[in-house]
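Chains A and B, in that order, give the protein sequences.
Per our numbering, the very first residue in the first sequence carries number 1; after that it's consecutive.
Per our numbering, the very first residue in the second sequence carries number 205; after that it's consecutive.
Taking it in order: structure first as structure tokens, then the write-up.
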Amino acid sequence: MDAEIRITAEPIDTARCKFLVSLPVHSGGVRRFASSEAAQGSPLAEALFAIPGAEVTEVIVSGNLVTVVKRSPAPWQAIGKSVGAAIRSVLASGHAAVAPKTAAAAAPSGVDDDALYDRVAELFDAQVNPMVARHGGRVELIDVQDAVVMLRMAGGCQGCGMADVTLRQGIEAMLQEAVPEVKGIVDITDHTAGTNPYFAAAKK
Amino acid sequence: MPCPPQPRLLLLLPTATYRATAFVEAAHRLGVALTVASELPSTFEQAQPDRLLTLDFSDPERAAQQAYQFARTLPIAGVIGVDDTAAVVAAAIAERLGLKGNPVSAALAARDKHLQRSELARRGVPVPRFELHGLGEDVPDLAARVRYPCVLKPLRLSASRGVIRADDPPEFVAAFARLRQILEQPEVAACGGWARYVLVEDFVPGPEVALEGLVIEGRLHVLGLFDKPDPLDGPFFEETIYLTPSRFPEPARQAIVECGQAAAAALGLREGPIHAELRYNATGPWLIELAARPIGGRCSAVLRFAAGEGGRGTGPASLEELIIRHALGMPLPTLEREERAAGVMMIPVPGAGVLREVRGITEARAVPLVEDVVITAHLGQALVPWPEGSRYPGFIFARGETSEAVEAALRAAHRRLAFVIG
Numbered sequence: 001m002d003a004e005i006r007i008t009a010e011p012i013d014t015a016r017c018k019f020l021v022s023l024p025v026h027s028g029g030v031r032r033f034a035s036s037e038a039a040q041g042s043p044l045a046e047a048l049f050a051i052p053g054a055e056v057t058e059v060i061v062s063g064n065l066v067t068v069v070k071r072s073p074a075p076w077q078a079i080g081k082s083v084g085a086a087i088r089s090v091l092a093s094g095h096a097a098v099a100p101k102t103a104a105a106a107a108p109s110g111v112d113d114d115a116l117y118d119r120v121a122e123l124f125d126a127q128v129n130p131m132v133a134r135h136g137g138r139v140e141l142i143d144v145q146d147a148v149v150m151l152r153m154a155g156g157c158q159g160c161g162m163a164d165v166t167l168r169q170g171i172e173a174m175l176q177e178a179v180p181e182v183k184g185i186v187d188i189t190d191h192t193a194g195t196n197p198y199f200a201a202a203k204k
Numbered sequence: 205m206p207c208p209p210q211p212r213l214l215l216l217l218p219t220a221t222y223r224a225t226a227f228v229e230a231a232h233r234l235g236v237a238l239t240v241a242s243e244l245p246s247t248f249e250q251a252q253p254d255r256l257l258t259l260d261f262s263d264p265e266r267a268a269q270q271a272y273q274f275a276r277t278l279p280i281a282g283v284i285g286v287d288d289t290a291a292v293v294a295a296a297i298a299e300r301l302g303l304k305g306n307p308v309s310a311a312l313a314a315r316d317k318h319l320q321r322s323e324l325a326r327r328g329v330p331v332p333r334f335e336l337h338g339l340g341e342d343v344p345d346l347a348a349r350v351r352y353p354c355v356l357k358p359l360r361l362s363a364s365r366g367v368i369r370a371d372d373p374p375e376f377v378a379a380f381a382r383l384r385q386i387l388e389q390p391e392v393a394a395c396g397g398w399a400r401y402v403l404v405e406d407f408v409p410g411p412e413v414a415l416e417g418l419v420i421e422g423r424l425h426v427l428g429l430f431d432k433p434d435p436l437d438g439p440f441f442e443e444t445i446y447l448t449p450s451r452f453p454e455p456a457r458q459a460i461v462e463c464g465q466a467a468a469a470a471l472g473l474r475e476g477p478i479h480a481e482l483r484y485n486a487t488g489p490w491l492i493e494l495a496a497r498p499i500g501g502r503c504s505a506v507l508r509f510a511a512g513e514g515g516r517g518t519g520p521a522s523l524e525e526l527i528i529r530h531a532l533g534m535p536l537p538t539l540e541r542e543e544r545a546a547g548v549m550m551i552p553v554p555g556a557g558v559l560r561e562v563r564g565i566t567e568a569r570a571v572p573l574v575e576d577v578v579i580t581a582h583l584g585q586a587l588v589p590w591p592e593g594s595r596y597p598g599f600i601f602a603r604g605e606t607s608e609a610v611e612a613a614l615r616a617a618h619r620r621l622a623f624v625i626g
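So, in structure tokens, the structure goes:
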């Protein structure tokens, strides 16, 4: 089965890397693990937190996408191979890679993620999406876990050279004002797959 | 006790830049207050007027006045321009607000190839012999008079767009016509009077290097010296591989750095990043270009600085973090690049046409020492080869113990890529 699983690493920076897997890893929405304790019971997350020398601090699993956040300065070239091996091993085992979201898993910090989700969704519908629509873009709210918002960009935002400006200077700032309980924002967009970015870059 | 206000950085990001993510994430890691200014409005500008600003990049003095008005409400502690045009605007803003920066005259000289050559030659910096000619001149007559081999260049286009070598009069006439077509494209012609001129200069033989540096109080601090192992002999000058550390012997490296320092001083650059291209032959170093901005494209990812303070965390510092720290007067970590060799390949345009598919990315990433393969062209994008084009389809990054091993890894990864063009 190993040979059938193709994994593409897309480092965002030295701390974060997305791994696109050719098979579904988790079909039950988005799961985010912010500690090795929270990963207990989810074999893939357990394996990723246990990678020696990586100092993994966060794992996000959604569909075919696994996002890993690490503290170690070790290059993704080295850590990525261990991540790939963990993904292949768990998928080959036939067991669920990630345990279903439970009430306890949903709110380990006491934050009501469901309530936050509703408020963030309202903000996205009422303000964020009408704004990005002017550039042919769309922002999908994927989930809120432990007060961290996970979103995906589409249309003109996907692959746009200014997507990070939109994310940090626009969306994140609006969230800080309207939903100050939100602790962070994670973009799980596959920007390389964007076919119609509003701004395309040129070397300068 | 209330926290002291964070210093505010005004970051000038043209909408066509590759540099947005690297600079925005670096500012985020450093915890600085950030205002991003572009030449076109963001869809969020009205909602976030503290964080997003539109400036007239085509008129630096007007942009400086706009920034001054902004700063009356939200004081700005530093300004950075990430490309040639934004660097001039940043200089004008720095002068207007009394911030750390370059004189406008120096930034203008760095942006315009003819002005730059004139200043450098006047101050004794070795540059190719050059002439300025108008598009309306008698080209056959000109072709009969110029010295060969020569190189025709536009005064401002970046990434070697429009740069063509000619070895004899027929080639000169053909190159002139081709460059004229580029300069007469409406979006280029509208950029200003400079688009009506062509710089003709001697072709300088010899290998080319790129010098990345940070000028602090007029003194050049070297951040990286890159070899370009693929010969850049023309007729077009699309770049491919950058490797650091340089394999030139120490005396040559020293001469190159001294030439870069002399050029920065001759132009009057005082503060901020520079990116210079030089050639080296039996005569010594020759200054080909010097820009008052950091390295372009995604190439900066190849530079990491040892024992940096990543702002809130620890770990290697990026080039962008150093530039932001310098602009804001924050303590600078070491400016020593990490010890390992590193390299980047700007993936050559495989041909003209519409990009339909890129195959072999996973296989390319699996090559030992390769850290990443980034395809920046999107499917459906028209790929345009040099000299008309200026956009690479992507970048390959590698790191290893030696420059030779890194170069081999970059080439091996590139061989695994296949671009399907329709």
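By construction, the Cβ of each residue, glycine as well, lies at the ideal position given by its N, Cα and C atoms.
Residue i bridges to which residues according to DSSP?
{"i": "ALA487 of chain B", "result": "The residue asked about is misnamed: residue 487 of chain B is Thr in this sequence, not Ala. According to DSSP, THR487 of chain B bridges with nothing at all."}
{"i": "SER522 of chain B", "result": "B:ARG508"}
{"i": "THR448 of chain B", "result": "B:ALA546"}
{"i": "ASP200 of chain B", "result": "What is shown of chain B runs 205 to 626, which leaves residue 200 of chain B out entirely."}
{"i": "GLY184 of chain A", "result": "A:VAL148"}
{"i": "LEU336 of chain B", "result": "B:LEU403"}
{"i": "GLY642 of chain B", "result": "For chain B, the structure presents residues 205 to 626; residue 642 of chain B sits outside this window and is missing."}
{"i": "HIS232 of chain B", "result": "Paired residues: none, contrary to the question."}
{"i": "VAL59 of chain A", "result": "A:PHE33, A:VAL68"}
{"i": "ARG212 of chain B", "result": "B:ALA237"}
{"i": "ILE579 of chain B", "result": "B:GLY598"}
Is DSSP giving residue i helix, strand or coil here?
{"i": "LYS81 of chain A", "result": "helix"}
{"i": "HIS479 of chain B", "result": "strand"}
{"i": "GLY156 of chain A", "result": "coil"}
{"i": "GLU513 of chain B", "result": "Caution is warranted here: a pLDDT of 47 is assigned to GLU513 of chain B, below 50, making its placement in the model unreliable, and the coordinate value is therefore given only provisionally. GLU513 of chain B: coil per DSSP, three-state reduction."}
{"i": "GLY464 of chain B", "result": "helix"}
{"i": "TYR222 of chain B", "result": "coil"}
{"i": "SER93 of chain A", "result": "helix"}
{"i": "SER35 of chain A", "result": "coil"}
{"i": "THR189 of chain A", "result": "coil"}
{"i": "SER246 of chain B", "result": "coil"}
{"i": "THR195 of chain A", "result": "coil"}
{"i": "ARG351 of chain B", "result": "coil"}
{"i": "PRO390 of chain B", "result": "helix"}
{"i": "CYS17 of chain A", "result": "strand"}
{"i": "THR8 of chain A", "result": "strand"}
{"i": "THR538 of chain B", "result": "coil"}
{"i": "LYS357 of chain B", "result": "strand"}
{"i": "ALA370 of chain B", "result": "strand"}
{"i": "ASP112 of chain A", "result": "coil"}
{"i": "HIS425 of chain B", "result": "strand"}
{"i": "ALA276 of chain A", "result": "The displayed coordinates of chain A run from 1 to 204. Any statement about residue 276 of chain A would go beyond what the structure contains."}
{"i": "SER27 of chain A", "result": "strand"}
{"i": "LEU257 of chain B", "result": "strand"}
Run through chain A and tell me which residues come within less than 9 Å of residue i, C-beta to C-beta.
{"i": "ASP316 of chain B", "result": "Per Cβ cutoff of 9 Å: no residues; ASP316 of chain B is ~15 Å from chain A at best."}
Which residues in chain A sit within 7 Å of residue i, going by Cβ to Cβ distance?
{"i": "LEU583 of chain B", "result": "THR195"}
{"i": "THR566 of chain B", "result": "ARG6, THR8"}
What residues of chain B sit near residue i, judged by a beta carbon separation below 7 Å?
{"i": "ALA173 of chain A", "result": "GLN252, ARG255"}
{"i": "ASP13 of chain A", "result": "GLU229"}
{"i": "THR192 of chain A", "result": "ILE579"}
Residue i touches chain B at which residues, Cβ-Cβ below 9 Å?
{"i": "ARG168 of chain A", "result": "VAL228, GLU229, ALA231, HIS232, LEU238, VAL240, ARG255"}
{"i": "GLN127 of chain A", "result": "ALA251"}
Output, in chain order, the set of chain B residues within a Cβ distance shorter than 8 Å of residue i.
{"i": "ASP164 of chain A", "result": "ALA224, THR225, VAL228, GLU229"}
What residues from chain A crowd round residue i, counting only those whose CB sits closer than 8 Å?
{"i": "VAL574 of chain B", "result": "GLN77"}
{"i": "PRO520 of chain B", "result": "THR14, PRO73"}
{"i": "SER246 of chain B", "result": "MET162, VAL165, THR166, GLN169, GLY170"}
{"i": "THR219 of chain B", "result": "GLY161, MET162, PHE199"}
{"i": "ARG603 of chain B", "result": "PRO75, GLN77"}
Touching or not, the region 57 to 66 of chain A and the region 13 to 24 of chain A, by the rule of three or more beta carbon pairs under 8 Å? For the pair of segments examined, the region 57 to 66 of chain A was found to touch the region 13 to 24 of chain A: the number of CB pairs separated by less than 8 Å reaches three.
For the region 587 to 595 of chain B and the region 527 to 544 of chain B, state whether three or more C-beta atom pairs, one from each stretch, are separated by less than 8 Å. With the cut-off at 8 Å, the region 587 to 595 of chain B and the region 527 to 544 of chain B do not touch.
Please list, in chain order, the residues of the region 131 to 160 of chain A that have any C-beta partner in chain B closer than 7 Å. Against chain B - using a Cβ distance shorter than 7 Å - the residues of the region 131 to 160 of chain A are MET131, VAL132, ARG134, HIS135, GLY159.
Quick one, which residues of the region 342 to 363 of chain B are near chain A if we go by CB-CB under 7 Å, in chain order? For the region 342 to 363 of chain B, the beta-carbon criterion of a distance under 7 Å to any beta-carbon of chain A is satisfied by SER362, ALA363.
So if I threshold CB-CB distances at 9 Å, which residues from the region 414 to 430 of chain B count as touching chain A? If you check each beta-carbon in the region 414 to 430 of chain B against every beta-carbon of chain A, none falls closer than 9 Å.
Using a Cβ-Cβ cut-off of less than 7 Å, give me the residues of the region 55 to 87 of chain A that come near chain B, in sequence order. Under the 7 Å Cβ criterion, the region 55 to 87 of chain A contributes PRO73, PRO75, TRP76, GLN77.
Whether or not the region 402 to 409 of chain B and the region 346 to 356 of chain B are in contact is what I'm after, with contact meaning three or more pairs of Cβ atoms, one per stretch, closer than 8 Å; do they touch? Yes, since at least three Cβ pairs between the region 346 to 356 of chain B and the region 402 to 409 of chain B fall closer than 8 Å, the two stretches touch.
Cβ pair count under 8 Å reaching 3, the region 552 to 567 of chain B against the region 267 to 278 of chain B: They do not touch, by the three-pair rule.
Under 8 Å, with one C-beta from each stretch per pair, do the region 296 to 304 of chain B and the region 275 to 286 of chain B reach the 3-pair mark? Result yes; three or more Cβ-Cβ pairs closer than 8 Å.
At a cut of 8 Å, does the region 408 to 419 of chain B reach the region 370 to 380 of chain B through at least three beta carbon pairs? No, the region 408 to 419 of chain B is not in contact with the region 370 to 380 of chain B.
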